[in-house]
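Undergrad:
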Amino acid sequence: DTGVSQDPRHKITKRGQNVTFRCDPISEHNRLYWYRQTLGQGPEFLTYFQNEAQLEKSRLLSDRFSAERPKGSFSTLEIQRTEQGDSAMYLCASRTSGGHNEQFFGPGTRLTVL
Amino acid sequence: GQQLNQSPQSMFIQEGEDVSMNCTSSSIFNTWLWYKQDPGEGPVLLIALYKAGELTSNGRLTAQFGITRKDSFLNISASIPSDVGIYFCAGGTRTSGTYKYIFGTGTRLKVLA
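So the sequence lines, in the order shown, correspond to chains A and B. Going by this note's numbering, the first sequence wraps up at 128, each residue one higher than the last. Going by this note's numbering, the second sequence wraps up at 480, each residue one higher than the last.
#1: Does DSSP classify Gly-433 (chain B) as helix, strand or coil?
#2: Tell me, please, whether the stretch 102-115 of chain A touches the stretch 41-52 of chain A by the rule of three or more beta-carbon pairs shorter than 8 Å.
#3: Which partner residues does Tyr-468 (chain B) have in the DSSP bridge list?
#4: Using a 10 Å radius around the Cβ and a threshold of 16 neighbouring Cβ atoms, would you call Ser-392 (chain B) buried or exposed?
#5: Do the stretch 16-26 of chain A and the stretch 71-86 of chain A make contact, defined as three or more Cβ pairs closer than 8 Å?
#6: Determine the burial state of Ile-395 (chain B): buried for a count of at least 16 other Cβ atoms within 10 Å of its Cβ, exposed for fewer.
#7: Alpha carbon to alpha carbon, how far is Ser-87 (chain A) from Gly-409 (chain B)? Give it in angstroms, no decimals.
#8: Is there a Cβ from chain A that is less than 8 Å from the Cβ of Thr-398 (chain B)?
#9: Would you call the CB atoms of Ser-111 (chain A) and Arg-29 (chain A) closer than 8 Å?
#10: Confirm, please, whether the CB-CB distance from Thr-123 (chain A) to Thr-27 (chain A) is below 8 Å.
#11: Give me the subset of the stretch 107-126 of chain A whose CB atoms are less than 9 Å from a CB atom of chain B, sorted by chain position.
#12: Return the bridge partner residues of Arg-180 (chain A) from the DSSP annotation.
#13: Using the C-alpha atoms, what's the distance from Ile-434 (chain B) back to Glu-382 (chain B)?
#14: Does the contact criterion of 3 or more C-beta pairs under 8 Å hold for the stretch 412-422 of chain B versus the stretch 61-69 of chain A?
#15: Starting from Gly-56 (chain A), find everything on chain B with Cβ-Cβ shorter than 7 Å and list it in chain order.
#16: Classify Ile-447 (chain B): buried if its beta carbon has 16 or more other beta carbons within 10 angstroms, exposed otherwise.
#17: In chain order, what residues of the stretch 386-419 of chain B put their CB closer than 9 Å to some CB of chain A?
#18: For Val-478 (chain B) and Ile-380 (chain B), I'd like the C-alpha separation in whole angstroms.
#19: Enumerate in chain order the residues of its own chain whose CB-to-CB distance from Tyr-62 (chain A) is below 6 Å, with the five nearest sequence positions on each side excluded.
#20: Leu-91 (chain A) bridges to which residues according to DSSP?
#21: May I have a chain-ordered list of the alpha helix (DSSP H) segments no shorter than 4 residues that lie completely inside the stretch 379-437 of chain B?
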């Protein structure tokens, strides 16, 4: 197992365009999280999946943001009509169910909105 | 969004020195995680703590889960240049059926050779 992977690693887009990011969690990790991280800050929770069910969304996730995990494996995060304020690192993390609550991150997708 | 308080915000140390940093909160957590993040990369898990008072080591790193469950500490002994990076704490707890983590603001470590 190679850990959590994210694609693309970098994305530059013009304001108003739509972007989609993909996350592949560690195999058999049924919990998946999306975070946003801006410069000088720690990761901030965006949304959480247990299998294919999206169980919680942060207030940070405006209606321009949507996330899916259709088969309970990989997940996508889409941002519609991007704004300059969306520029950030988007991080995906996964963990298994059960007693241990260790959460493992992917390398992130750096989004720059021009 | 909510972030935990980490101290110090940044520190410059000489190679070989020991480093201490801490994370405090007004909320109680069931899990404390410590991560290191290099520029342009995702955070890498260093140590996980599960019980109040627990002391856990990983090589030169030692972390403790505070007795009150509202804080945690990370120590790095005999620092080396590759310890440079940003260290984040994360407190985990179940709220409204979801297990969530709240991250600290980070401690930026620079090691002078």
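Ideal placement from N, C-alpha and C gives every residue a C-beta, glycine not left out. In this text the structure is predicted, and so the values were computed from the model without any measurement.
TA: Reading off the structure:
#1: coil
#2: yes
#3: B:Gly-459
#4: buried
#5: no
#6: exposed
#7: 20 Å
#8: yes
#9: no
#10: no
#11: Ala-107, Arg-109, Gly-113, His-114, Asn-115, Glu-116, Gln-117, Phe-118, Phe-119, Gly-120, Pro-121, Gly-122, Arg-124
#12: Nothing in the structure corresponds to residue 180 (chain A), since chain A is present only between 15 and 128.
#13: 31 Å
#14: no
#15: Gln-370, Phe-455, Phe-470, Gly-471, Thr-472, Gly-473
#16: exposed
#17: Asn-397, Thr-398, Leu-400, Tyr-402, Gln-404, Gly-407, Glu-408, Gly-409, Pro-410, Val-411, Leu-412, Ala-415, Tyr-417
#18: 5 Å
#19: Tyr-47, Leu-69, Glu-70
#20: A:Phe-35, A:Ala-81
#21: none
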